[in-house]
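So for the sequence shown, my numbering puts the first residue at 700; every next one is plus one. The beta carbon of each residue, even a glycine, is placed where N, CA and C say it ideally should be. As the structure is a prediction and not an experimental result, all values here were calculated from the model.
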Amino acid sequence: MPDLSRARDRMIDIQIAKRGIRDPHILDAMRQVPREAFVDSGFEEFAYEDGPLPIGEGQTVSQPYIVALMIEAAEVKPSERVLEVGAGSGYAAAVMSRVAARVYAIERHPSLGGSAQERFRRLGYDNIDLRIGDGTLGWPDAAPFDAILVAAGGPEVPQALKEQLAIGGRLVIPIGGEERAQTLLKVTRTSQTDYEEEDLGGVMFVPLIGEQGWTEDGRRSA
Ligand code: SAM
Numbered sequence: 700m701p702d703l704s705r706a707r708d709r710m711i712d713i714q715i716a717k718r719g720i721r722d723p724h725i726l727d728a729m730r731q732v733p734r735e736a737f738v739d740s741g742f743e744e745f746a747y748e749d750g751p752l753p754i755g756e757g758q759t760v761s762q763p764y765i766v767a768l769m770i771e772a773a774e775v776k777p778s779e780r781v782l783e784v785g786a787g788s789g790y791a792a793a794v795m796s797r798v799a800a801r802v803y804a805i806e807r808h809p810s811l812g813g814s815a816q817e818r819f820r821r822l823g824y825d826n827i828d829l830r831i832g833d834g835t836l837g838w839p840d841a842a843p844f845d846a847i848l849v850a851a852g853g854p855e856v857p858q859a860l861k862e863q864l865a866i867g868g869r870l871v872i873p874i875g876g877e878e879r880a881q882t883l884l885k886v887t888r889t890s891q892t893d894y895e896e897e898d899l900g901g902v903m904f905v906p907l908i909g910e911q912g913w914t915e916d917g918r919r920s921a
């Protein structure tokens with residue numbers, strides 16, 4: 700694979716820092732993680748372009764800026780435990796693993812999850828636990844989480860994820876009545892029973908498919 704480290708540094712300066720991401724932990728993490736190792740073969744040379752890229756199963760690795768924006772919005776800190784729903788290629792989990800203490804990642808497609816695991820192993824990212832399953836139900840055995848990031852858009856905030864937030868924990872999730880047009884929502888758990896919501900603006904994500912998301916054919920799950 701060609702050395703793309705200069706393209707990576709340029710991407711971080713132009714697409715990330717210049718657009719207002721300031722957290723040095725996130726900028727450092729993005730400098731460490733080779734995005735070219737997370738894209739489909741043949742797409743490596745496009746790894747530092749300003750957009751999503753295909754990763755198989757009709758899914759994408761998100762635009763780098765969106766990855767940084769979500770991690771910053773979730774206020775992920777070095778001592779924290781984070782859940783990612785929608786691990787896809789594993790890129791965002793890898794970036795978070797360089798910021799947080801431990802990352803739990805769930806992916807519904809076994810083939811994508813398997814490739815992500817293999818990348819973590821190859822790159823030595825040993826503070827990530829990945830499992831295959833329906834992330835709308837969270838990961839009850841590992842809860843509570845200081846932050847939860849959902850990389851796919853659902854019709855509403857899954858109750859299971861709210862319940863698996865620590866007090867003071869932050870959940871960042873795209874929510875919308877249409878499958879591919881959403882608002883990025885930040886939900887902060889302020890007490891055992893109370894949550895605050897903040898609208899972070901419009902985004903476009905692939906659908907969150909699961910028991911507390913959409914059905915495979917685009918209806919709200921019961
Ligand atoms: N964070 C990913 C990355 O860095 O490559 C981006 C993933 S892509 C935008 C969204 C992913 O969410 C897809 O891989 C999709 O299969 C997955 N997904 C959708 N619904 C899910 C669910 N209920 N549980 C787990 N994964 C889900």
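Check	Outcome
CB of L907 within 9 Å of CB of E896, strictly	no
Cutoff 9 Å: R801 Cβ touching any chain C Cβ	You won't find chain C in this structure, because it holds only one protein chain.
Beta-ladder partner(s) of D898, from DSSP	L884
Coarse secondary structure for V794, derived from DSSP in three states	helix
Backbone secondary structure at F737 - three-state DSSP	helix
Residue nearest to T887 in terms of C-alpha spacing, selected from K776, K861, V766 and F904	K861
Bridge partners - I847, DSSP secondary structure assignment	L782 and L870
Cβ-heavy atom distance, Q714 to ligand 1, below 8 Å	no
Nearest-angstrom Cα separation, counted from R818 out to D825	11 Å
For Q758: DSSP bridge partner residues	G755
Proximity below 9 Å, CB of V856 to CB of I866	no
Short Cβ contact (9 Å threshold) for A767 with V794	yes
Own chain residues within Cβ distance below 8 Å of A800, not counting five before or after	P777, S778, E779, R780 and N826
Selection from V784, R734, S740 and Q863 that minimises the alpha carbon distance to D749	R734
Alpha carbon of L822 to alpha carbon of H724, nearest angstrom	19 Å
For A865, the three-state DSSP class (helix, strand or coil)	strand
Proximity winner among A773, F745, S704 and L782, relative to F844 (alpha-carbon distances)	L782
G891, buried or exposed, once every other Cβ within 10 Å from all chains shown has been counted against 16	Reading off the sequence shown, one finds Gln at residue 891, where the question assumed Gly. By the 10 Å Cβ count, Q891 comes out exposed.
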